[in-house]
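Protein chains in written order, with this note's numbering: chain A, 1 to 335; chain B, 336 to 670; chain C, 671 to 1005; chain D, 1006 to 1340.
Every residue gets a Cβ at the ideal spot worked out from N, C-alpha and C, and that includes glycine.
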């Protein structure tokens, strides 16, 4: 068995990684680092995993514990991977990072959107962007992968094939998206209080959400991105608008782009976030509105699945030469 | 007391009308028609009103019962008001209709979006569009008012002042909106099943939702409208995108437009649907994104409040010479 | 107008008090103390009240500001009223306290359930228990009222008439209740995180929840109480089980007990928490199961309404000689 | 591969069976009967399964299609299995029935609780009750299994070991339980409308819910059962109350009873329904309240998992000599 080291194991993504790995035929948890809960049992932090991890405990960060591990999966707050980079990369173990630190290929773009200088610009080019449907070969040959953010995964799946096919204008794209609350992490705050979210819908991060940079990089287009918080634990729906460059069948373009993909479904029906819950699946549709000259493209994923832990495992499978879908489901838990 | 006849009293809007009227200082329920529940007690259909309407029952439609009424409030399925028009209008009683039948000023537009001819085009011009913040005087002097749809109320409040101020392009406007499930009415269906909505988010009516026509009429601009269904009983958030015509301060435009309005609040913070729950309030904000040349304007309302029953009462107050806010709250029930 | 001083104005109960008072015909807010948010505008803390309180700000605690006030409404954390008692009681202003400090009539019981000595046992007898349906006269003649907890309000409304009528055994009563999350207050914690509550149901405080003492005092019976947290912002349902003493018609007993009450409805249909949302209403039903010799009695309220702010206003109305229902609704906002 | 015939494939349990089977190492879907949706593609009815069942369609009932199948899994409305019994049993294929038809061992009890005579009392004794933790051997040697109802699964897991250990009185047991809406099935109705459930909590079936009979049969005790509907798609929590017969450590009894079980976890923390979502796991705790002489025992499951489809697969695995946990997860999808 491949032994995985998990960083950020006490968060939602960490818990999802542990759930997926417990069902993975070739990977097991070697060590689970959970800074804020170090020393506690996994059961205390993730009671839904109590049967699968009866005795396991979370460890404090100690790079020595990476010895004997064959894979590193990091789900840390933004900035942490830069700080720990030397320790994480030293052993040369295949490494999948979910943080934003090494996703962008430009330190200037990072600084522009994150409001702080990048401390390790020298490493940016050594990471591959971990969206397998677009960069499968690169990921397979890489030892360092930066897994995409949840919103950019959804938006890029919807937009990139349309941009590449020349069907939509690269300027003036709008991504209007809704996310479940787990995307905001496990930290308790006024914004994640049940009563603040239940039955509510609101936009946030108007104009300047950091994921904009990533969407623009991957889709190759200029994007105005508006995230919304919805009353759900999981799920992202990206509703994307672009000007059509001319007659265009966006649904056909998406169908062709994702033919043979085992985690992407393109259909006529507008996708629903709940179809993807707990899975690594993405559901897409598209329309051309001739009246206004607009192309709509919609993508639904589970932000913790294809938008985080699922995609990390998908990348790891590729990096390790395993079946790309090992340990992953393409079916949501519904209803 | 002014005696109101309510049509469609067994639906959600009907129940909200009865709740508002029970707390109204000058209006009382004269007769409540509830076709599908005629003969049943109000308590059986609206148990939350059991104390306020202990003995009342719902009546079958009978135009003779309009005698002695001073106000008609109709919340009927689309098409019904056309069919009943002669009976409803004959007595010359002030009439507020929530249906879509008499909102548009063009029979051609009605046919285009509703897919059927208008049976009473002769009456279209006799109705005033019931959005008090824009047409207060006309409503005050009218005996026939067509209250706006829920989505158009939100979108128009956000967009019309910006269009009128010349701050945004009249072409290429996008309205991306989310609605609570009560907007779909009380009828049980696969789409309104709890399990289909709980924790879910999805778009519907892509490209051709009927409310588009109304938004275009009121805002004076070309609109692509995408409604979404969110996991909430009440609430609408309209997130609107338009190209700026030049330097522009949309927040200042909205603040000026709604200064002195007792049901519209313009603020810096992105509005939340839940702030408006149970009230007639609307909460707005706006931004100018210079990077992409886009203006964002957002409006949150309760679809059953400012988007339906509340606005009907607001119109009726104006028509009857009462205080415009009588019986209405500008505060949501929160959390 | 009567000027009310509110303590704890930045919490959920505080916000509800301000909402109710804004619609009250005879009371207005004199000063709103909000310790943790002192200096902030009401709008910032309670954006749903932005139109009603456009310029108001929250004050830091200063007993001098009670001058000129005619009513004190305190919604403070447990223990605070004991600490502030001398300052609060000195001016002799009618005072309604929602805290647990002065509800119980025995310092020993307080210490037993709250795990700490009572610092002002001398004051216990000077407070009247604020459940108007049982103690209307006492409240009317009192200047110090301790408003009941939310769970005890629901359980006592269901149980006390049955105990008093001798229909149920005073031993072995079980109260199994569910509460919305606002009952846990506005503080952000792991337990109130949206993702921890959404779609979830769990018991807490097994065997030793503090509200047990209050239930036993008011119902005059021995109670085992199990609270549950449900996925709702508001609402409490108490499902109570007791052994029947013999043939018994509990529904008739409740109907008689609450005949003429304007905020209590007794009906055949099992009550739903949502019927009461935003109101001061309570909905009850009961059954006698002859097969097992058990009486069931159920009560649904809004924990912030009849379970907190609504009942405080109801008590204040009585104390001030106003109409008991002034500023209160007996209809929930539904759906 | 073992080929399974699924009856009731268009319902929630049917969809869950198809999801589990798609991930099962030794079972595949042979034919999926979906009466109300016969002829439709699986994708249309279960869009979350679109990738796993791209071309499959639902069949109309035709006993001939059982040829070539090695397993029958029926999730039909109550009464249907009686009606189809001869056709279903004729081929002698291992059969797991989720309906209530063959769970009780007494036709009289069936008639008493279901209000109609049992049409096939001759078959009652030929079925084994499918709760593996209690009847593992019988199930392994049976070709006909009646899988338990969702509520009885939860209640029996909590109660039976305590009854058998003599720790609790067999009289006067109360089961107060809450269920997610999927337990009411996929049919749209006023009671399952999103707006009727969202933010709501209510009891139903007071005194006479049919599952009572099953609970009494399995636990060997007299039970008063009160089900509640909660605002969740999935999940059941049973909170059970019984009189202690004397000093008693119910937690120790449960721990011993379920030692070695791979789907049952007994812990100190009160279990939460969400821990089990999408899995076959059950989470239990218990307490002895010496003050009132009461034992509490709580069990949380996913009503579609351990309460339906998961348990059906667990039984099938036993009947077919497969690993008992094949295709099943003991970890919920959380949050």
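Report task. Could you tell me whether the Cβ of residue 1055 of chain D comes closer than 8 Å to any Cβ of chain B? Result -> Residue 1055 of chain D does not count as touching chain B.
- Message: Considering only the alpha carbon of each residue, which of D:1239, D:1139, D:1106 lies closest to residue 1130 of chain D?
- Response: D:1106
| said: On the criterion of 16 or more Cβ atoms from any shown chain inside 10 Å, does residue 371 of chain B qualify as buried, or is it exposed? | reply: exposed
Contact list for the segment 516-531 of chain B against chain A, Cβ threshold 7 Å: 530, 531
- Query: Thinking C-beta only, is residue 971 of chain C closer than 8 Å to residue 824 of chain C?
  - Reply: yes
Practice item. Name, in chain order, the residues that DSSP records as bridge partners for residue 32 of chain A. Key: A:6
request  = Name the two residues that bound the continuous beta strand (DSSP E) containing residue 409 of chain B.
outcome  = 406-409
Option in B:653, B:664, B:469, B:646 with minimal Cα separation from residue 484 of chain B = Selected option, being the one with the closest Cα: B:646.
(request) Starting from the beta carbon of residue 903 of chain C, find every residue of chain A whose beta carbon is closer than 8 Å, and list them in chain order. (result) 194, 195, 198, 199
Original post:
For residue 911 of chain C, which of C:988, C:945, C:833 has the nearest alpha-carbon?
Top reply: C:833
| For residue 580 of chain B, which of helix, strand or coil comes out of DSSP? | Shown here, residue 580 of chain B sits in coil according to DSSP, grouped into three states, outside any helix or strand.
| field | Separation of residue 814 of chain C from residue 885 of chain C, as counted between CA atoms | value | 20 Å
query: Any contact of the segment 191-202 of chain A with the segment 601-610 of chain B, i.e. 3+ C-beta pairs under 8 Å?
result: yes
Checklist line | Whole-angstrom distance between residue 548 of chain B and residue 308 of chain A, CA atom to CA atom | finding: 40 Å
- residue 86 of chain A, DSSP secondary structure in three states: helix
Checklist entry - Are residue 292 of chain A and residue 574 of chain B close, meaning C-beta to C-beta below 8 Å? => result No, the Cβ-Cβ distance between residue 292 of chain A and residue 574 of chain B is not below 8 Å.
* Asked: Does residue 1215 of chain D have its Cβ less than 8 Å from a Cβ in chain C?
  -> With 8 Å as the cut-off, residue 1215 of chain D does not count as an interface residue toward chain C.
- Task: Classify residue 666 of chain B as helix, strand or coil using the three-state DSSP reduction.
- Result: Residue 666 of chain B sits in coil when the DSSP states are folded into three classes, being neither helix nor strand.
Kindly say whether residue 241 of chain A, judged by its beta-carbon, lies nearer than 8 Å to any beta-carbon of chain B. yes
- In three-state terms, what does DSSP make of residue 514 of chain B? strand
* Put residue 376 of chain B into one of helix, strand or coil per three-state DSSP. => strand
Backbone secondary structure at residue 227 of chain A - three-state DSSP: strand
Within chain D, the residues that residue 333 of chain A reaches when beta carbons sit closer than 7 Å | 1282, 1283, 1338
### Query
If you compare alpha carbons, which of C:777, C:848, C:993 is closest to residue 821 of chain C?
Closest option to residue 821 of chain C, Cα to Cα, is C:848.
- Alpha carbon to alpha carbon, how far is residue 876 of chain C from residue 1260 of chain D? 19 Å
| query | Along the segment 678-708 of chain C, what residues have a CB closer than 7 Å to any CB found in chain B? | reply | 682, 685, 689, 692, 693
query = Which partner residues does residue 1269 of chain D have in the DSSP bridge list?
reply = Answer is D:1287.
Quick test of the definition: if touching needs 3 or more C-beta pairs under 8 Å, does the segment 402-413 of chain B touch the segment 425-434 of chain B?
yes
Q. Between residue 782 of chain C and the rest of its own chain, which residues show a CB-CB distance below 8 Å, the 5 nearest in sequence each way excluded?
A. 883
C-beta contact flag for residue 914 of chain C and residue 827 of chain C at 8 Å: no
Taking just the CA atoms, how far does residue 343 of chain B sit from residue 368 of chain B? In a straight line, the C-alpha of residue 368 of chain B is about 6 Å away from that of residue 343 of chain B.
Self-check item: Residue ranges of each alpha helix (DSSP H) within the segment 1277-1333 of chain D, 4 or longer
Solution: 1315-1324
Worksheet item: According to the neighbour-count rule (16 or more other Cβ atoms, all chains shown, within 10 Å of its Cβ), is residue 422 of chain B buried or exposed?
Response: exposed
Where does the unbroken alpha helix (DSSP H) through residue 137 of chain A begin, and where does it stop? 132-140
Going along chain B in order, which residues have a C-beta closer than 9 Å to the C-beta of residue 951 of chain C?
Chain B residues near residue 951 of chain C: 383, 385, 386.
Exposure of residue 737 of chain C, with buried meaning 16 or more beta-carbon neighbours within 10 Å: exposed
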